[in-house]
Each structure stands twice: as structure tokens, then as C-alpha cells.
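A.B. asks:
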Amino acid sequence: MTTLQYRGHSYTIPAAIPKVCVELTYRREHYNTCRVEAAHNAHPRLTYRGTSYTK
0 MTTLQYRGHS
10 YTIPAAIPKV
20 CVELTYRREH
30 YNTCRVEAAH
40 NAHPRLTYRG
50 TSYTK
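Read in numbering that gives the first Met the number 0, the sequence shown has 47 at position 48, and its numbers run on one by one without any break.
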């Protein structure tokens with residue numbers, strides 16, 4: 000665990016809490032938060048002035 004020092008006071012950073020997957024329903028459609036995030040970050044496509052780029 001890391002300890003931070005700011006103006007003479009010590010602060011500790013709590014351990015990261017693992018993200019919980021949640022299934023959401025919106026207008027009769029089902030979405031899974033983990034699946035949506037993974038699909039979004041896999042191969043993002045960027046477009047600049049009509050030219051597409053893959054990150």
C-alpha cells in the first residue's frame with residue numbers, strides 16, 4: 000500500500016475494489032456493463048476530417 004505525504008499529513012490509498020458486472024435493462028433491452036466496456040475499448044475507431052483511424 001502506498002503512503003502519500005501532503006503538507007505534513009500522511010494519507011494511505013485504499014486497495015482497489017474489483018468492478019462488479021451488472022446487467023441493466025432499458026426499454027426492454029438488456030445490457031451488461033462489463034461486456035459493453037470490453038467491446039468499447041477493444042478497437043476504438045477514430046475519425047478526423049473524414050479519415051478513419053484504428054487505435
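C-beta atoms are modelled at their ideal positions from N, C-alpha and C, and glycine is treated no differently.
Could you give the C-beta distance for residue 44 and residue 53, rounded to a whole number, given that I count them as a contact under 8 Å?
C.D. replies: Contact flag correct, Cβ pair sits at about 6 Å.
A.B. asks: Answer yes or no: do residue 32 and residue 23 have a C-beta to C-beta separation smaller than 8 Å?
C.D. replies: In contact: residue 32 and residue 23 (Cβ atoms closer than 8 Å).
A.B. asks: Taking DSSP's pairing of strands, which residues face residue 44 in a bridge?
C.D. replies: Answer by DSSP bridge pairing, in chain order: 53.
A.B. asks: Measure from the alpha carbon of residue 21 to the alpha carbon of each residue in 30, 15 and 13, then state which is nearest.
C.D. replies: Cα-wise, what sits closest to residue 21 is 30.
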